[in-house]
Amino acid sequence: MTESYSDAHLRDILSRTKVIAVVGVSMNEVRPSFYVARYLDLKGYTVIPVNPGHAGKTLFGQTVRASLSEIEEPVDMVDVFRRSEHVPPIVDEALDAFPNLKTIWLQIGVESPEAAETARARGVDVVMNRCPKIEYQRLFGELRMGGFNTGVISSKL
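Be aware that the sequence shown starts at 358, since it is given in my numbering, and climbs by one per residue.
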């Protein structure tokens, strides 16, 4: 199932979001979940890392949490770096933990129509099979930072 999202919709999500919980973040700097989270942190978002295997460690100035339910502060967006079959319980936990959650974002290759339906029924936007780092670079002109615009989006910072 491939959904399409307008640039205006994605730009609105990325503009209104301030706090992002990243589920499945890695401490390994070469893993996409690390460098996407790092990029978002460098862009001024508050990134709360979530990974039970690294709970209690510090990443991007934040304590890594074992689960979404351990986060006490309000979260605007949950960015999921887990396989599609793991998404439904993550979305359920996010909806329970954050009554004012605005967005569930599922990374490239991750889709869950049933979890998306659950979230949308609660008024939460859902983006599937996209990367917020790539969309940020594309929508906010960062492809030109090197003085040229090749249209190629790198996974590196």
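For glycine and all other residues, C-beta sits at the position ideal for the given N, C-alpha and C.
So, residue 479 versus residue 452, is the Cβ gap smaller than 8 Å?
For this step, residue 479 is matched to residue 122 along the sequence shown. For this step, residue 452 is matched to residue 95 along the sequence shown. Closer than 8 Å, so yes.
Of the choices 416, 444, 410 and 375, whose alpha-carbon is the least far from that of residue 395?
Residue mapping note: residue 395 aligns to position 38 of the sequence shown, counting from 1. When each option's Cα is compared against that of residue 395, the closest is 416.
Residue 456 (DSSP reduced to helix, strand or coil)
Start at 1 with the first residue of the sequence shown, and residue 456 comes out as number 99. Reduced to three states, the DSSP call for residue 456 is coil.
Taking C-alpha atoms, which residue in 429, 495 and 380 lies nearest to residue 409?
Translated into the one-based positions of the sequence shown, residue 409 becomes position 52. Looking at the Cα atoms, 380 is the closest of the given residues.
Decide if residue 391 is buried, meaning its Cβ has at least 16 other Cβ atoms within 10 Å, or exposed.
Mapped onto the sequence shown, residue 391 falls at position 34. Counting Cβ neighbours within 10 Å, residue 391 comes out buried, since at least 16 surround it.
Anyone know if the C-beta pair for residue 371 and residue 493 falls short of 8 Å?
As a first step, residue 371 is located in the sequence shown; it is residue number 14 there, counting from the start. As a first step, residue 493 is located in the sequence shown; it is residue number 136 there, counting from the start. In contact: residue 371 and residue 493 (Cβ atoms closer than 8 Å).
Take residue 412 as the anchor and find which of 481, 466 and 426 has the nearest alpha-carbon.
Locating residue 412 in the sequence shown gives position 55, where the first residue counts as 1. It is 426.
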